[in-house]
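Visitor: Keeping their order, the protein sequence lines are chains A and B.
Going letter by letter, the first sequence gives residues 44 to 155 in the numbering used here.
Going letter by letter, the second sequence gives residues 185 to 297 in the numbering used here.
Even for Gly, the Cβ is constructed at its ideal location relative to N, Cα and C.
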Amino acid sequence: GESVGLHLPTLSVQEGDNSIINCAYSNSASDYFIWYKQESGKGPQFIIDIRSNMDKRQGQRVTVLLNKTVKHLSLQIAATQPGDSAVYFCAEEKGGSYIPTFGRGTSLIVHP
Amino acid sequence: KAGVTQTPRYLIKTRGQQVTLSCSPISGHRSVSWYQQTPGQGLQFLFEYFSETQRNKGNFPGRFSGRQFSNSRSEMNVSTLELGDSALYLCASSEGQGNTEAFFGQGTRLTVV
Chain A
44 GESVGLHLPT
54 LSVQEGDNSI
64 INCAYSNSAS
74 DYFIWYKQES
84 GKGPQFIIDI
94 RSNMDKRQGQ
104 RVTVLLNKTV
114 KHLSLQIAAT
124 QPGDSAVYFC
134 AEEKGGSYIP
144 TFGRGTSLIV
154 HP
Chain B
185 KAGVTQTPRY
195 LIKTRGQQVT
205 LSCSPISGHR
215 SVSWYQQTPG
225 QGLQFLFEYF
235 SETQRNKGNF
245 PGRFSGRQFS
255 NSRSEMNVST
265 LELGDSALYL
275 CASSEGQGNT
285 EAFFGQGTRL
295 TVV
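#1: Output yes if chain B places a C-beta closer than 8 Å to the C-beta of S140 of chain A; else output no.
#2: Does the beta-carbon of I63 of chain A have 16 or more other beta-carbons within 10 angstroms, so that it is buried, or is it exposed?
#3: Using only CA atoms, which one of B:Y233, B:V296 and B:S277 lies nearest to G86 of chain A?
#4: Name the chain B residues whose beta carbon is nearer than 7 Å to that of R147 of chain A?
#5: Using a Cβ-Cβ cut-off of 6 Å (strictly less than) and excluding sequence neighbours within five positions of E236 of chain B, which residues of its own chain qualify?
#6: Out of B:F244, B:S258, B:R239 and B:Q238, state which residue places its alpha-carbon closest to the alpha-carbon of L227 of chain B.
#7: Within the same chain, show all residues whose beta-carbon is closer than 8 Å to that of I210 of chain B, passing over the 5 residues directly before and after it, in chain order.
#8: Please report the straight-line C-alpha distance between Y233 of chain B and S254 of chain B, rounded to a whole angstrom.
#9: Identify the residues that DSSP records as bridge partners of Q281 of chain B: which are they?
#10: Tell me whether the beta-carbon of Q221 of chain B lies closer than 8 Å to the beta-carbon of L274 of chain B.
#11: Does D74 of chain A come out as helix, strand or coil in the three-state DSSP assignment?
#12: How would you label K80 of chain A, buried or exposed, when you count the other beta carbons within 10 angstroms and need 16 or more for buried?
#13: Output needed in chain order: residues of the segment 85-97 of chain A with a Cβ under 8 Å from some Cβ in chain B.
#14: Helix, strand or coil for D98 of chain A per DSSP?
#15: Any beta carbon from chain B within less than 8 Å of F132 of chain A's own beta carbon?
#16: Distance cutoff 8 Å, beta carbons only. Does E239 of chain B sit that close to anything in chain A?
#17: Distance check for R214 of chain B and I196 of chain B, CA to CA, integer angstroms please.
#18: Consult DSSP for G380 of chain B and reduce its assignment to one of helix, strand or coil.
#19: Applying a beta-carbon distance threshold of less than 7 Å, which residues of chain A neighbour A186 of chain B?
#20: Using the beta-carbon of each residue, which ones in chain A are nearer than 9 Å to Q281 of chain B?
#21: Are there 16 or more other CB atoms within 10 angstroms of the CB of M97 of chain A, so buried, or fewer, so exposed?
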């Protein structure tokens with residue numbers, strides 16, 4: 044998700060729905076991608092990562108999909124819960140650089 | 185085990201002053217990275233320290249510096265503070281170099297007036 048000015052894109056879902064958060068990355072040489080969750084007043088929390096030799100990776104209730112052709116990353120959250128409400132960031136790293144570039148974030152709001 | 189600890193949590197400084205922020209990583213973690221988070225620019229990488237050596241640096245002026253001690257604790261320093269340095273400064277630690285499964289602290293909220 045890319046933001047405009049100070050406003051983050053927002054995704055509102057109902058509890059129990061599946062959520063999909065998207066991220067367009069910029070560097071075709073990036074080969075490592077990470078999703079983070081940041082709750083209000085807290086630091087980012089690692090959710091899941093994926094390397095460019097994979098198209099899909101699953102964790103607990105989360106799945107990351109990578110489409111290198113269109114430089115697109117998505118995070119799918121199954122059975123979204125109110126505790127999932129947060130800002131979600133994607134980050135990309137170029138091969139071995141260890142220097143992440145972060146997306147602007149998407150605000151996920153889960154309604155009970 | 186204890187998480188990443190950043191001190192202080194909040195800080196107010198005047199333009200032109202310098203500031204030092206501290207980060208204690210998770211026990212056993214040797215890598216500490218620093219980030220700046222602002223509403224306008226989002227989350228930006230400052231630098232990473234691993235085994236007391238700066239391994240990577242983001243695109244920030246030389247006023248931003250850091251160091252890491254033998255116990256892996258790290259400090260970052262900002263000299264000649266500017267209003268635009270007001271931000272949430274985050275550190276993250278990981279076992280090895282890089283950002284694989286990095287754990288973040290709660291950050292230091294710096295306000296420059």
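Guide: From the atom records:
#1: yes
#2: exposed
#3: Nearest C-alpha to G86 of chain A: B:S277.
#4: Those are G226, listed as they occur along chain B.
#5: Q252
#6: B:F244
#7: K185, A186, G187, V188, S277 and F287
#8: 11 Å
#9: In the DSSP output, where bridge partners are listed per residue, Q281 of chain B has none listed.
#10: For Q221 of chain B and L274 of chain B, yes; Cβs fall inside 8 Å.
#11: strand
#12: buried
#13: K85, G86, P87, Q88, F89 and D92
#14: coil
#15: yes
#16: Inspection of the sequence shows that residue 239 of chain B is occupied by Arg rather than by Glu. With 8 Å as the cut-off, R239 of chain B counts as an interface residue toward chain A.
#17: 30 Å
#18: Any property of residue 380 of chain B remains undetermined from this structure, which presents chain B solely from 185 to 297.
#19: Those do not exist, as A186 of chain B stays about 14 Å from chain A at its closest Cβ, beyond 7 Å.
#20: Under a criterion of Cβ atoms nearer than 9 Å, the residues of chain A adjacent to Q281 of chain B are, in order, Y141.
#21: It is exposed - the Cβ of M97 of chain A has fewer than 16 other Cβ atoms within 10 Å.
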